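Trainee:
Next up, the structure:
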């Protein structure tokens, strides 16, 4: 990488939320000795990834955009040459994002003056046409060099060039080919996701001659797959820095592969990634990566007022949507805690049926603990659904062996008659169990689509992402192969109600 050396003094910074202490410590991290050598330029890259629409601060989990904006503003006031980049999965993942199909997030990012982002797999959740529309509303380019377009229409810009301090910085985007199975098929219908490595080689060939610094802004798995960041670094010469997302991992000081530095900031805005780069005579010589993560105290987090104002306006717009009537019910839809966690209810069945219809699965399982309230007879609003399903889950289709499915259902009823969030609300699946038997051996009969479950047969089962990754103790589901990801659970339930409960 052109004689680059790596500074191992990077630290994982945790700072107080008290403003004076925040800015003092930021000064220690971001201030550098002013360059005294002719031809020396300092560049700072601030990066986010997998924020998934987490607009507001969530203690211990997310800073929220207003606080991130305050930190970015301080860095920009401290440093001369700053880029703000996002590595994807940005427009989807929370009600704040999904209610406007990502448009509210565009407004917030525009107010923060992002310089570029790459499209992640979940950014296709509203369909590629909507993603194109969002990219036309951003004040920054949404990049993807390996998704060329549809029927001759260019989808997104492959790259952009920024000039800072006389340095030309080339940035190109790569989106994981896993998108083809990690979103609803209709969202990517007609699209081709080319091999990221081959696409990167083409982009390096195009950009390297006219750029001093080359950044791959990617939404790719970190390691262990053909289209990973590690493989990119191993096989593509000429990339100085890979700013990554998709694996949701906080790389405290980055990682070096084949003289290429890879960075990632975790998920949900829990951290801001900071990369300080020193270039001498147009050649990057030092890369120093770290993470900023705030301490959470009762004092709260300081936020940028201008960005908070945009968020407040978004809240008002969302409130209008939440009052919209999406359907009606002639009966009380039972989501009472003591009921959905001990037996099948009509609301639990409705949620499971919605995921079944959306995915074309053989069966569906919803943990009762994910259903938080009931819906009274009468009109159903968007707000009612968000009250029922407040956790911003999305739906996953998994291939599950019959034996594992039996184990999952046994796990779901193991604590009965105690109230338990693991209790399974199902669709396409019928089962009965004997409460007086030992946990783990309670099932008497299980049928799928009216047929007796076969222990060695593979089934397509729709679940939410929480239990898909072992939540509520469903660890037997974690190992099962993912066949597809199907967008936000609340959206799926709303669409089901609109189609079936007018």
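Residue numbers (my numbering): 958 to 1459. Even for Gly, the Cβ is constructed at its ideal location relative to N, Cα and C. None of these values were measured; they are calculated from a predicted model.
At what residues does the beta strand (DSSP E) containing residue 1059 begin and finish?
Mentor: Premise fails: residue 1059 is in no beta strand (DSSP E) and is neither H nor E.
Trainee: May I ask you to report which of helix, strand or coil DSSP gives residue 1453?
Mentor: helix
Trainee: By the 10 Å Cβ neighbour count, where 16 or more other Cβ atoms means buried, how is residue 1086 classified, buried or exposed?
Mentor: exposed
Trainee: Contact between the region 1404 to 1413 and the region 1036 to 1048 is defined here as three or more beta-carbon pairs at a separation below 8 Å; is this criterion met?
Mentor: no
Trainee: Put residue 1259 into one of helix, strand or coil per three-state DSSP.
Mentor: coil
Trainee: With a CB to CB cut of under 6 Å and the five nearest residues on each side skipped, what residues in its chain are close to residue 1336?
Mentor: Close CB contacts of residue 1336 within its chain, under the 6 Å cut and outside five residues either way in sequence, are with 1282 and 1285 (chain order).
Trainee: Using the rule of at least 16 other Cβ atoms within 10 Å of the residue's Cβ for burial, across every protein chain shown, is residue 1077 buried or exposed?
Mentor: buried
Trainee: Quick one: using the 10 Å Cβ neighbour count with 16 as the cut-off for buried, is residue 1375 buried or exposed?
Mentor: Here residue 1375 is exposed. Its C-beta has fewer than 16 other C-beta atoms within 10 Å.
Trainee: What are the uninterrupted segments assigned as beta strand (DSSP E) that are 3 or more residues long and contained completely in the region 1306 to 1357, given in chain order?
Mentor: Restricted to the region 1306 to 1357, the beta strand (DSSP E) segments that are unbroken, complete and at least 3 residues in length are 1320 to 1324 and 1335 to 1338, listed in chain order.
Trainee: Roughly how many angstroms separate the alpha carbons of residue 1079 and residue 1393, rounded to a whole number?
Mentor: 44 Å
Trainee: Given residue 1451, which residues of its chain have a CB within under 6 Å of its CB, disregarding the five upstream and five downstream residues?
Mentor: 1283 and 1342
Trainee: Which residues in the same chain have their Cβ closer than 7 Å to the Cβ of residue 1416, if we skip the five residues on either side of it in sequence?
Mentor: 1319, 1320, 1357, 1359, 1362 and 1405
Trainee: Using alpha carbons as the reference points, say which of 1186, 1214 and 1210 lies closest to residue 1201.
Mentor: 1186
Trainee: Mind the definition here: the region 1288 to 1295 touches the region 1325 to 1336 only if three or more C-beta pairs lie below 8 Å; say whether that holds.
Mentor: In short, these stretches touch, since the Cβ pair count reaches three.
Trainee: Alpha carbon to alpha carbon, how far is residue 1199 from residue 1220? Give it in angstroms, no decimals.
Mentor: 6 Å
Trainee: For residue 1206, which residues of its own chain have a beta-carbon under 7 Å away from its beta-carbon, when the five flanking residues on both sides are left out?
Mentor: 1179, 1221 and 1223, listed in sequence order.
Trainee: Below 9 Å between beta carbons: does that hold for residue 1113 and residue 1098?
Mentor: The answer is yes: Cβ separation under 9 Å.
Trainee: Are the region 1124 to 1141 and the region 1438 to 1449 touching by the rule of at least three beta carbon pairs closer than 8 Å?
Mentor: Between the region 1124 to 1141 and the region 1438 to 1449, the count of Cβ pairs shorter than 8 Å is three or higher; the stretches touch.
Trainee: With 16 as the cutoff for other CB atoms within 10 Å, does residue 1276 come out buried or exposed?
Mentor: exposed
Trainee: For residue 1421, which of 1349, 1210, 1054 and 999 has the nearest alpha-carbon?
Mentor: 1349
Trainee: May I ask you to list the residues that DSSP assigns as paired with residue 905?
Mentor: The structure shown does not extend to residue 905, since the chain is modelled only from 958 to 1459, so the question has no answer here.
Trainee: Around the C-beta of residue 1172, are 16 or more other C-beta atoms found within 10 angstroms, so that it is buried, or is it exposed?
Mentor: By the neighbour-count rule (16 or more Cβ atoms within 10 Å), residue 1172 is buried.
Trainee: Between residue 1167 and residue 1419, what straight-line distance do the alpha-carbon atoms span, to the nearest angstrom?
Mentor: 48 Å
Trainee: Could you tell me the distance, in whole angstroms, from the CA atom of residue 1432 to the CA atom of residue 999?
Mentor: 47 Å
Trainee: DSSP three-state call for residue 1103: helix, strand or coil?
Mentor: coil
Trainee: Could you give the first and the last residue of the continuous alpha helix (DSSP H) run that contains residue 1089?
Mentor: 1085 to 1094
Trainee: From the DSSP output, read off the bridge partner residues of residue 1245.
Mentor: 1233
Trainee: Whole angstroms are fine: how far does the CA of residue 1310 sit from the CA of residue 1005?
Mentor: 36 Å
Trainee: If you drop the 5 nearest sequence neighbours on each side, which residues of the same chain put their C-beta closer than 7 Å to that of residue 901?
Mentor: It is not possible to answer for residue 901, since the shown part of the chain is limited to 958 through 1459.
Trainee: Within the same chain, show all residues whose beta-carbon is closer than 8 Å to that of residue 1042, passing over the 5 residues directly before and after it, in chain order.
Mentor: Within the same chain, 1002, 1003, 1004, 1005, 1071, 1072, 1073, 1074, 1128, 1172, 1174 and 1200 come within 8 Å of residue 1042 by CB-CB distance, once the 5 residues on both sides are set aside.
Trainee: Who are residue 1120's beta bridge partners in DSSP?
Mentor: For residue 1120, the beta-bridge partners assigned by DSSP are 1125.
Trainee: Please check the pair residue 1288 and residue 1334, which I expect to be a contact at CB under 8 Å, by giving their CB distance rounded to whole angstroms.
Mentor: Between residue 1334 and residue 1288 the Cβ distance is about 6 Å, and since that is below 8 Å, they are a contact.
Trainee: Can you name the start and end residues of the alpha helix (DSSP H) that residue 1416 belongs to?
Mentor: No alpha helix (DSSP H) holds residue 1416; the beta strand (DSSP E) holding it covers 1415 to 1421.
Trainee: Would you tell me roughly how many angstroms separate the C-alpha atoms of residue 1457 and residue 1314, rounded to the nearest one?
Mentor: 11 Å
Trainee: Please say whether residue 1271 and residue 1053 have beta carbons closer to each other than 9 Å?
Mentor: yes
Trainee: Tell me the rounded alpha-carbon separation between residue 1240 and residue 1170.
Mentor: 7 Å
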